[in-house]
Every structure is written in C-alpha cells, then in structure tokens.
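**Student:** Per the working numbering, the sequence shown starts with residue 302, numbered consecutively.
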Amino acid sequence: MQEHMPSQAQELICINVDKVYDWIVKEMSFDISPTGAITFPGVAADTDLTGAIVSCRVIPAASNPIVILNRENRQFSIDGSTVCLQHLNIQKNFILTIVVTLPNGTVYTSTEIPVSRCEQVTLCAPKGTDVEILYTDLDCFVCTTGTLTPGTGVGGVGTITFSALTITVAVCQSIQSTFPVTVEFLATFCEPRADLPFSCPTAVRPQQCPIIFPTLG
302 MQEHMPSQAQ ELICINVDKV YDWIVKEMSF DISPTGAITF PGVAADTDLT
352 GAIVSCRVIP AASNPIVILN RENRQFSIDG STVCLQHLNI QKNFILTIVV
402 TLPNGTVYTS TEIPVSRCEQ VTLCAPKGTD VEILYTDLDC FVCTTGTLTP
452 GTGVGGVGTI TFSALTITVA VCQSIQSTFP VTVEFLATFC EPRADLPFSC
502 PTAVRPQQCP IIFPTLG
C-alpha cells in the first residue's frame, strides 16, 4: 500500500448517509403450530411416511418483511431527565417451509407458508424515521410432529396432515431507527495501492532421505 503523501490535499466534502437515532440488539423466539392439511407436491395418498424426518426453513418475507403498526410517544425518566421515546408495535413477516425426508432419501418440500408475529419495541424513533431490522441469525427447528397422514388436496396435489406439529423459530435481530442526512467533513482522498510484485518461482527439488536410501554397500 502506498504511503500517505504530504502533497495529498484535503477537501471539505458533503455526503449522504443514514443517521442512526437508536440501535438495539434483541433476541426472541416463538412457536408456530400449523393446522390442517399442508400442501406437499409429489406426495400421494398412499405414500408411506413411516420413519420420516421433519425439518424446516424460515426466511424473511420478500414483500413487507416488517410493518410498523403503531408508533406512540411515551415519556421516560432516564438518569433524572425526562426523555420522549417511541413505543413501536412491529409486525414481522416470514416465509416458512417444511421438509419431510423419508428413510429411503426421498425429500418432499411444502409450499411456502406465510407466518407473522408482532413485537413491541421502545426506541428513539420519532415520526419520519425509518425502522430497519437486520436478522443476524434466523433459524427454526421442529419440536413435535405427531402422526403424519398423507392425502390429496385441491387439484390432486399431495398434502400431509400433522396431528401435533409445533415449530420453534429463534431470532437474533439488530433494530435501528434511521433518517437520511447530509454531513460535511474534511477528508483526504484515497490513493490506489501499489500493484503486487510477481515473479516466477525458481526450480526446487524435493528433499531426499539419504539415511535410508540409497544404502551404502
């Protein structure tokens, strides 16, 4: 990397960034208990589900992964000072997929199942700020399944009914309230690094074992 040169000029510049008003990291978990027949393409009414292993996958919804249902101002006393914070009701939307693996290796994957959960969070998030949630960890596991019964749904598509399906979703989330701002600061422009030198390696011979070979007669 090139050294910083004294001749490099500094310049007062403005850039657009998101100011972080507040930021918390929070864990949560919740259970899902889908009922009724769940669509599994490829499953037949006579499919033998004995010994099947049931697992799951969960991802944020592609559309409206979070929705702010309500934003209410509340007064809090912090270190002897009165502070106005916002009490948020947030709806989180997920897509759940259930996977059934038979002992012979056959895998059946359910259609996507929309799942929503609501949570209350208190932040410095006045009206006009955006609330962003980054899932640092999002996972699920199947707690109970009960009895698996194959069937046929509308249009002849296969289904599976679980007598006691319970899925636990665990979430680690980073929640920020932000607002776009333009900031000004004195900066030194970056210079490109020097290209790495490259040369062909010299020819080398593998090490020998003269102690054991060749033997001296």
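C-beta atoms are modelled at their ideal positions from N, C-alpha and C, and glycine is treated no differently.
What residue from Val472, Ile369, Ile512 has the CA that sits closest to tyrosine 436's CA?
**Tutor:** Against the sequence shown, residue 436 aligns to sequence position 135. Looking only at Val472, Ile369, Ile512, the smallest Cα-Cα distance to tyrosine 436 is reached by Val472.
**Student:** Within its chain, find whatever has a CB closer than 6 Å to the CB of glutamate 326; leave out the 5 residues flanking it on each side and keep chain order.
**Tutor:** The residue you call residue 326 lines up with position 25 of the sequence shown. Note on residue identity: the sequence assigns valine, not glutamate, to residue 326. Excluding positions up to five away in sequence, the list reads Ser475.
**Student:** With distances taken between CB atoms, is the gap from alanine 345 to proline 481 smaller than 9 Å?
**Tutor:** Here residue 345 refers to the residue found at position 44 when the sequence shown is read from its first residue. Here residue 481 refers to the residue found at position 180 when the sequence shown is read from its first residue. Their beta carbons are not under 9 Å apart, which means alanine 345 does not touch proline 481 by this criterion.
**Student:** Using CA atoms only, rank isn't needed, just tell me which of Ser378, Pro511, Ile333 is closest to threonine 398.
**Tutor:** For the purposes of this step, residue 398 is identified with residue 97 of the sequence shown, where counting begins at 1. Cα-wise, what sits closest to threonine 398 is Ile333.
**Student:** Can you tell me which residues form a DSSP beta bridge with arginine 358?
**Tutor:** Your numbering for residue 358 matches position 57 in the sequence shown. Beta-bridge pairing links arginine 358 to Thr398.
**Student:** Can you find the residues in the same chain that come closer than 7 Å, C-beta to C-beta, to histidine 305, ignoring five residues on each side of it along the sequence?
**Tutor:** Looking up residue 305 in the sequence shown gives position 4. Only weak support exists for where histidine 305 lies, its pLDDT of 49 falling under 50; the coordinates are left without a value.
**Student:** Just verifying my parser: in three-state terms, what is the DSSP assignment at glycine 456?
**Tutor:** Position 155 of the sequence shown, counted from the start, is the residue given in the question as residue 456. Helix.
**Student:** Leaving out five residues before and five after valine 384 in sequence, what residues of the same chain have Cβ atoms less than 6 Å from its Cβ?
**Tutor:** As a first step, residue 384 must be located in the sequence shown, where it is residue number 83. Hits under 6 Å: Phe377.
**Student:** Please state the DSSP three-state secondary structure of glutamine 508.
**Tutor:** Taking the first residue of the sequence shown as 1, we reach residue 508 at position 207. Reduced to three states, the DSSP call for glutamine 508 is coil.
**Student:** Just how far apart, CA to CA, sit threonine 340 and alanine 465?
**Tutor:** To locate residue 340, count along the sequence shown from 1; it is residue 39. To locate residue 465, count along the sequence shown from 1; it is residue 164. The alpha-carbon atoms of threonine 340 and alanine 465 are separated by roughly 16 Å.
**Student:** DSSP three-state call for leucine 313: helix, strand or coil?
**Tutor:** For the purposes of this step, residue 313 is taken as the residue at position 12 of the sequence shown. In the structure shown, leucine 313 sits in a strand (DSSP, three-state: E or B).
**Student:** Thinking C-beta only, is valine 359 closer than 9 Å to isoleucine 391?
**Tutor:** The residue given as residue 391 occupies position 90 in the sequence shown. The residue given as residue 359 occupies position 58 in the sequence shown. The answer is no: Cβ separation not under 9 Å.
**Student:** Suppose you measure from the CA of methionine 302 to the CA of aspartate 438; what does that come to, to the nearest Å?
**Tutor:** Position 1 of the sequence shown, counted from the start, is the residue given in the question as residue 302. Position 137 of the sequence shown, counted from the start, is the residue given in the question as residue 438. Low confidence applies here, because methionine 302 scores a pLDDT of 44, under 50, leaving its location unreliable; read the following figure in that light. Roughly 36 Å separates the two Cα atoms.
**Student:** Do valine 318 and valine 484 count as a contact pair if the criterion is CB distance below 9 Å?
**Tutor:** Residue numbering aside, residue 484 sits at position 183 when the sequence shown is read from its first letter. Residue numbering aside, residue 318 sits at position 17 when the sequence shown is read from its first letter. Yes, these two residues count as a Cβ contact at 9 Å.
**Student:** So who's on the other strand from valine 344, going by DSSP bridges?
**Tutor:** To locate residue 344, count along the sequence shown from 1; it is residue 43. DSSP lists no partner for valine 344.
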